[in-house]
Amino acid sequence: MSRPKTDRDVYQPRETIKNGSDYLESLRDGRTVIYHGETVDDVTRHPAFAPYARVIARIYDVIASEESLLYTTETGAQAFVPYLLPQNVEDLKRIREAMERIHALSAGMIVQGPEYKGPVISGLGAAGPYFVPYQDNVARFYTVVRDRRLYPGNAFTDPQIDRSKRPSELANPDLVLRVVQERDDGVIIRGAKMVSTAAPFNHEMLILRYGGAHRLTPEDADYAFIGAVPLNAPGLKVFSRQSFRPPVADPLDAPFSTLFDDNDSFLFFDDVFVPWERVFVYRDPEKADNWLSQTNMAVQLVYGDLIRWQTKFAFYTALAVKVAKANGTIGFRGQQERLGELVAWTQMMKALVYAAETKAVPYYQGVMPNPEIVLTFRALRPMIYKRVVELVQEIAGSGAATLLSSLKDLESVPEIVEFVRGAAVDGLERTKLYKVVWDVVHSDFASRSELTERLHTGNTGDVLIQLFFGAQGMGLDAHYDQVMEQVEKLIREV
Ligand SMILES: Cc1cc2nc3c(=O)[nH]c(=O)nc-3n(C[C@H](O)[C@H](O)[C@H](O)COP(=O)(O)OP(=O)(O)OC[C@H]3O[C@@H](n4cnc5c(N)ncnc54)[C@H](O)[C@@H]3O)c2cc1C
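In full-length UniProt numbering, the protein residues as written are 1 to 494.
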C-alpha cells in the first residue's frame, strides 16, 4: 500500500473523443475495474459493462452528428453544448435543449451520462475564484474536459464506516481518502470514496468531499483534498457493484436494465499520484467542506436531474396509459385520477425547469439556473420520485409479478398467447408491455434507480435542513412580523 507512484504518462491530455468508436477505444486504457473477483480486461467487451459502454458510444455518435449539440470554444475546439459557461437565459435554454436531446435516447433512464456532467464541470470552471490559489488548475481541468469531450465522474461521499467519527478519529486513518505524501511534483492520495456512478465508463474522476454532518477540523487537514485523476491512474481500483442486467432469453425481456444500468462503483485509491496541476483544494478544511454551498455547485449537480425528470416522467405517464388501456381499466375513475397525478408531476417538472431557466441568477462571470427552485427540487425529489413509482405500480397491478419468464415462452407454447392477452392488445404486446413495467418500476435496476433518484445529490435530512437554513437567511422571522403587524393594524382599524 505504500509504494510511491511516479507515473505521469496518464496525465498527458487524451485525444479528443470525436465519436463512438473513439470512446470505446479510449476505455481500453489500462484502468483497473474489479468485478466478481477478477480484474476486467476490457469493459467494452465484458457482459456486465459492454451494453452501457455501447450506449454511451451511441451518444457520442449523436453528439458528433448533430450541429445543435456542439459549439466552438474560445480555443477553437468543438465542444458539447452542456459544457458551455452560460452567459444568459438563451445559453441555459441551449444547454437544456442539448440535454433533452440526450435524455430522449434513454427515456431519461441514464442518470449520469456525459451531458449530466456538463453543468458540474462548467460550474467548477466558473467558480475559479473559490479555489484560489489553485484557480488556474480548475480552469485548465475544465478546458481539457470540455475541449477533449471527456466523460468525467464525480466522487464526493466518504465511505460510511462510522459516521459518528471524523475521518482522523477512525482507528485506521487510511480508510477515508486523504493525502499521505507531499512531493515536489504533486501528492500521493490513499483511501476510499464510497460511490461514483458510471466510474468504469468515465475518463476523469473529480474527487470532492461530502462527509455528512461532520465538519473537518485542522486535525483532518490531510482529508481536505479536492482534485482530479484519470480513471487509468496507477493505484486507482474501481469496484463495480453487481450489474443489474438480468440473464435474459430475449433482450426485450429487460430492455432498460440491459441497456442503461450504469454500474455505481466504490473507489479505492491505493497510493495514487496526483500532480500539483490536478490539485484544487489542499489541506484547507474550510474550503473542502464548503465548496458545495459556497460555489453553489449543488445547483449544478441537481440541474441535469431536474431536466431529465421531465423526460422520465413523460415516459412513465405514457407507459401507465398504455397499461391501463391494455387492461381495460382506462375508463375507471381511480385509474384516471392516478393518470392525472402522473400528468401533473410531469408538468410540474416542466414548470420548475422553465422557472429555473428564466429566473436565472448571476454566477461568477455568467449565470446559473435559479438556486431556490433547483434546491427545492433537490429537497422534494425523494418524495416525488417515490410517489411517481407508486402510481405506476398501482395502475399496473399484479400483472408485472405473474409474467412469463421470457417472450420466448410465447414461441415455445403458442397456445398460451391468448391467455396472456389484454383488453386491447394481443398476448405478445401485453407481455412486452409488462416486461417494461417490471423493468422500470420493480426490478433490481428499478430499485437502484429509485435509490439514486432519491439520494444521489445528498441525504434526505441534510438537504431539507440546508433548505431551511437558507430560508432563514431570507428573513422568515421578519416576514412573520410584517404579516402580524398588518393583521393587528387591521384588527384595530376595522
Ligand atoms: C445509487 C446511488 C448513486 C450515487 N452516485 C453518486 C456519485 O456518482 N457520486 C457521489 O459522490 N455520490 C453518489 N451517491 C452518494 C450520495 O451522495 C449519498 O448517498 C448521499 O449524499 C447520502 O449519503 P450517505 O449515503 O453516505 O448516507 P449517510 O450520510 O450515511 O446517511 C444515512 C442515514 O444516516 C443519517 N445520518 C448519517 N450521519 C448522521 C449524523 N451525523 N447525524 C444524524 N444523522 C446522520 C442520515 O440522515 C441518513 O438518514 C450516490 C448514492 C446512491 C444511493
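Using N, Cα and C, we set each Cβ at its ideal position, and we do this for glycine too.
Note down the Cα distance separating residue i from residue j, rounded to an integer number of angstroms.
i, j, result
"K193", "Y223", "12 angstroms"
"N19", "D61", "5 angstroms"
"V268", "P275", "Rather than Val, the amino acid found at residue 268 in this sequence is Phe. Their backbone Cα atoms lie some 18 angstroms apart in a straight line."
"G363", "L375", "Residue identity differs from the one stated: residue 363 is Tyr in this sequence, not Gly. Distance between the alpha carbons of Y363 and L375: 15 angstroms."
"G37", "L433", "36 angstroms"
"E488", "W345", "39 angstroms"
"Q472", "A298", "18 angstroms"
"A64", "L70", "8 angstroms"
"D185", "L403", "60 angstroms"
"T6", "E204", "Low confidence applies to T6: its pLDDT is 49, below 50, so where it sits in the model is not reliable, and the reading given next is rough at best. C-alpha separation (whole angstroms): 18 angstroms."
"I17", "A77", "12 angstroms"
For residue i, which of helix, strand or coil comes out of DSSP?
i, result
"Y83", "helix"
"M1", "Only weak support exists for where M1 lies, its pLDDT of 37 falling under 50; the value from the coordinates is given anyway. Of the three classes helix, strand and coil, the one that applies to M1 here is coil, per DSSP."
"K193", "strand"
"I307", "helix"
"T6", "Low local confidence applies: a pLDDT of 49 at T6 is under 50, so the model's placement there is unreliable, with the coordinate-based value given in what follows. Three-state DSSP puts T6 in coil, outside helix and strand."
"E15", "coil"
"S265", "strand"
"L407", "coil"
"R183", "strand"
"S240", "strand"
"R163", "coil"
"R378", "helix"
"A171", "coil"
"F280", "strand"
"P200", "helix"
"N154", "strand"
"P362", "strand"
"E38", "strand"
"A50", "helix"
"Q112", "coil"
"V224", "The residue you asked about is not Val; residue 224 is Ala in the sequence shown. The answer is coil: DSSP assigns A224 none of H, G, I, E or B."
"V43", "coil"
"Y434", "helix"
"D439", "helix"
Shorter than 7 angstroms, the distance from the beta carbon of residue i to the closest heavy atom of ligand 1, or not?
i, result
"residue 504", "There is no way to answer for residue 504, as the model of the chain reaches only from 1 to 494."
"L455", "yes"
"Q300", "no"
"G227", "no"
"F80", "no"
"Y210", "yes"
"F156", "yes"
"G461", "yes"
"D264", "yes"
"R166", "no"
"Q393", "no"
"R163", "yes"
"T217", "no"
"V120", "no"
"G108", "no"
"M194", "yes"
"G366", "no"
Just to confirm before moving on: does the CB-CB distance between residue i and residue j stay below 8 angstroms?
i, j, result
"R308", "H103", "yes"
"P159", "K117", "no"
"K40", "L27", "Note that residue 40 is Val in the sequence shown, not Lys. Cβ atoms of V40 and L27: not closer than 8 angstroms."
"P114", "I95", "no"
"V187", "V279", "yes"
"F445", "F244", "yes"
"D253", "S406", "yes"
"N263", "Y23", "no"
"I189", "L175", "no"
"P369", "E357", "yes"
"A355", "I384", "no"
"V436", "L319", "yes"
Closest to residue i by CA distance: which of the options is it?
i, options, result
"V238", "A198, E219, D220 and L259", "A198"
"residue 503", "L292, Y316, G340 and E415", "No statement about residue 503 is possible, as the shown extent of the chain runs from 1 to 494 and does not include it."
"Y11", "Y282, N263 and N137", "N137"
"D289", "I207, Q335, F266 and L252", "I207"
"G399", "A326, G30 and L24", "A326"
"S106", "D147, V55 and Q78", "V55"
"residue 495", "E90, G334, Q336 and F256", "The structure shown does not extend to residue 495, since the chain is modelled only from 1 to 494, so the question has no answer here."
"Q242", "D29, A48 and L490", "A48"
"residue 502", "G458, V89 and T72", "With the chain running from 1 to 494 in the structure shown, residue 502 is simply not present."
"V145", "R163, P133, S164 and L124", "L124"
"E67", "F80, V494 and T75", "F80"
"A233", "G458, R454 and P13", "P13"
"I59", "H46, G108, P230 and Y35", "G108"
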